[in-house]
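For reference, the structure discussed in these notes is given below.
Number of protein chains: 2
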Amino acid sequence: MYYIGIDLGGTKIASMLINSEYEVLARLTVPTRHEEGEQSVIGRITGSAQHLCDSASVEMRQVGRVCVGSPGPIIRESGMVLDAPNLGWKNVALAPLVSNALGVPVIVENDANAAAVAENLLGAGKASRNMMYITVSTGVGGGLVLDRRLYRGSGGAAGEIGHTTVLPNGPLCGCGNRGCLEALASGTAIARRGQEIAHRPAGRGIAQLAVDGPVTAMTVAEAARRGDRAATAILRDAFEYLGIAVANAANLLNLDTVVIGGGVAGIGDMLFDSVRYEVRARTFAFVAEQCKIVPASLGADSGALGAACCAAGACA
Amino acid sequence: MYYIGIDLGGTKIASMLINSEYEVLARLTVPTRHEEGEQSVIGRITGSAQHLCDSASVEMRQVGRVCVGSPGPIIRESGMVLDAPNLGWKNVALAPLVSNALGVPVIVENDANAAAVAENLLGAGKASRNMMYITVSTGVGGGLVLDRRLYRGSGGAAGEIGHTTVLPNGPLCGCGNRGCLEALASGTAIARRGQEIAHRPAGRGIAQLAVDGPVTAMTVAEAARRGDRAATAILRDAFEYLGIAVANAANLLNLDTVVIGGGVAGIGDMLFDSVRYEVRARTFAFVAEQCKIVPASLGADSGALGAACCAAGACA
């Protein structure tokens, strides 16, 4: 039997065909072009699935299930995407629409949950019993595999570590709360702090690296790499808050592994050293000792690969 | 078949005999007297078990299993209590010792986990799929029932919401971290804040209620009930932090129910209103709507009853 995983993002649709041993037989990435409308995006999803089959000489009727990983909250039972701002979608019955077009069973899964499954099964969290996957990118998201099963919570929204409060009266978050991890440690938050200080003398090192455009999180990271003090302070603060949120999850869930991916995690040691320090400072010794903090190992593949694993029934 | 649950506390040992329908057939409470030593405490545990059987005309060989709920971290596999400061115990092989004396299989469980099972099965969290039980007393502890099973984490230490950080540079906690929920919202923390302000003019209302002894959390609660401003502010702050920790757990775990018990929860509406407000302010609307915040309904019974339910294999 074969399975297809599709990672539906705001800018691209990544897809993979795997066999029941989770071996990747074909992969494809196409632009999303959500501005062309829902039908057009669904056409590109079904077209991707057909193309994967063709390129691996697999017939669609040999595909046991397709899983689409979608941003935002979903309803599994009805295969509905509830609210995906990156796509401009609200209440789209994605699974039935794709299933009707392909003639194959289709399920939907939250994209961070799918990535968590991939990292748990085939990536940095391999062999972990209780792990959290965290993606630190434009936003901060996550997924939980507890007792070796994907944990979705009562409404499918578990894993929202990005909206846990780490500074009670901290900066306003896009979600309406103050002091969310996402408002303090996301790429967007790091960039904003860099932009703010770039106009001050202390921010000159950052400003000098951003002559061609606005200050981004990567500008701040590059300035920090060159030893700039303001940039270093911005990252140190952001990663301290990330470490607090991870320590809180470790205390609450006594995790054996925390896998951190996403663009900001690419900054590397400075992030991981901070997170490991906070976990050692803020949890009991045996909780800290049991909890590995590791970089994600599947990169941009994790979304589509995880969706394919979910299609194959992994971590169910 | 019958089952016995024993709640081993620092001051008393509460025990219950139930049948397989979780009906309570006998109950007993005796003092712990841990200062008389480990053997003596184990004698009172086995004596309690025997007394329960005698008073319900049940023979010990009809008891399928005994479960002892113990404070602090335990190792289930070996039935070991690792560290129970209230008893002065470290690495006590409790389950084998009790099992040898009674001739019945014995398991150990963390006491907050046992209480969580009782509230989930028979108390305020009945019918909940994903719930957290929190006890706010001298300390702050908790237990998680996720996907209808007791979630213990990788080393049996899950549920430690009392040591999640809710104020990064907050007051020092007994555990060595700063800004733990326990250091801000436990009965001990409320009493300490009351004692601090009692020496100031603003704290006169609190001081007047504590003529016979030190200021306790209950003194602060009574002063607040009478409209004292300082006492009200102390509780408002404590319960705000409790609400933040609960909101963080709700965001991370998309819970359907949070059950709050322990002496401090007896303060009532002021606590529950604050926690509900913070959850509504700090989680997505649909997460808040799904998450009931309710008082524990089993009171002091929950430890022994939960241990008995664990003995009967509930939530396993």
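In order, the protein sequence lines correspond to chains A and B. With my numbering applied, the first sequence corresponds to residues 186 to 501, in that order. With my numbering applied, the second sequence corresponds to residues 186 to 501, in that order. All C-beta atoms in this analysis are idealised placements derived from N, C-alpha and C, irrespective of residue type, glycine included.
Distance CB(residue i)-CB(residue j) smaller than 8 Å
i	j	result
A309(A)	V472(A)	no
N315(A)	D458(A)	no
G491(B)	A211(B)	no
L272(A)	I259(A)	no
A234(B)	L287(B)	yes
L366(B)	G347(B)	yes
N295(B)	G341(B)	yes
C500(A)	R261(A)	no
R385(B)	I429(B)	no
G398(B)	A415(B)	no
A406(A)	L427(A)	no
A489(A)	A199(A)	yes
L237(A)	L213(A)	yes
A343(A)	L437(B)	yes
V291(A)	V283(A)	yes
A409(B)	A395(B)	no
L279(A)	V293(A)	yes
Extent of the continuous beta strand (DSSP E) run through residue i
i	result
V325(B)	325-331
V460(A)	Run containing V460(A): none in the beta strand (DSSP E); it sits in the alpha helix (DSSP H), 454-467.
L483(A)	Premise fails: L483(A) is in no beta strand (DSSP E) and is neither H nor E.
R414(A)	Looking at the DSSP string, R414(A) is not in any beta strand (DSSP E); the run it does join, the alpha helix (DSSP H), is 414-438.
P216(A)	209-216
A199(A)	197-204
G446(A)	442-446
D192(B)	187-193
Limits of the alpha helix (DSSP H) - the one that residue i falls within
i	result
E294(B)	No alpha helix (DSSP H) holds E294(B); the beta strand (DSSP E) holding it covers 291-295.
V405(B)	402-410
A497(A)	No alpha helix (DSSP H) holds A497(A); DSSP gives it neither H nor E.
V472(B)	470-475
Inter-residue spacing [alpha-carbon to alpha-carbon] between residue i and residue j
i	j	result
I391(A)	F469(A)	38 Å
I375(A)	S205(B)	57 Å
H219(B)	V443(B)	33 Å
G326(B)	A300(B)	10 Å
L306(B)	P256(B)	21 Å
T323(A)	S371(A)	6 Å
E381(A)	A435(A)	33 Å
N285(B)	E474(A)	33 Å
V449(B)	E244(B)	39 Å
V215(B)	K197(B)	6 Å
G254(B)	M186(B)	20 Å
T350(B)	N433(A)	6 Å
M317(A)	T231(A)	31 Å
D422(B)	T401(A)	37 Å
M403(A)	E425(B)	36 Å
K311(A)	Y462(A)	23 Å
V431(A)	Q393(B)	44 Å
G451(B)	D454(A)	47 Å
G412(A)	G361(B)	32 Å
Y207(B)	I191(B)	14 Å
N298(B)	N439(A)	13 Å
V464(B)	E345(A)	14 Å
Same chain only: Cβ atoms within 7 Å of residue i, ignoring 5 sequence neighbours per side
i	result
Y188(A)	I203, V248, G249, R250, A493, A496, A497
N354(B)	R363, G364
R378(A)	I419
E221(A)	none
S487(A)	A300, A303, E304, G308, G446, A481
E223(B)	W274, V277
Sequence-distant residues of its chain with Cβ nearer than 6 Å to residue i (five each side left out)
i	result
G446(B)	T320, A481
L331(B)	N315
K477(B)	T442
C358(B)	C365, E367, A368
Y336(A)	L329, A343
L352(A)	G364
K275(B)	D268
8 Å Cβ shell around residue i - same chain, five flanking residues per side excluded
i	result
T217(B)	L193, G194, G195, T196, K197, I198, V226, R229, L272
P356(A)	R363, G364, A368, L369, A374
| Inside the stretch 331-394 of chain B only - beta strand (DSSP E) runs reaching at least 3 residues | DSSP runs (the beta strand (DSSP E)) wholly in the stretch 331-394 of chain B: 334-336.
| field | Length-filtered (4 minimum) alpha helix (DSSP H) runs lying within the stretch 235-322 of chain A | value | Fully enclosed alpha helix (DSSP H) runs of 4 or longer: 279-287, 296-307.
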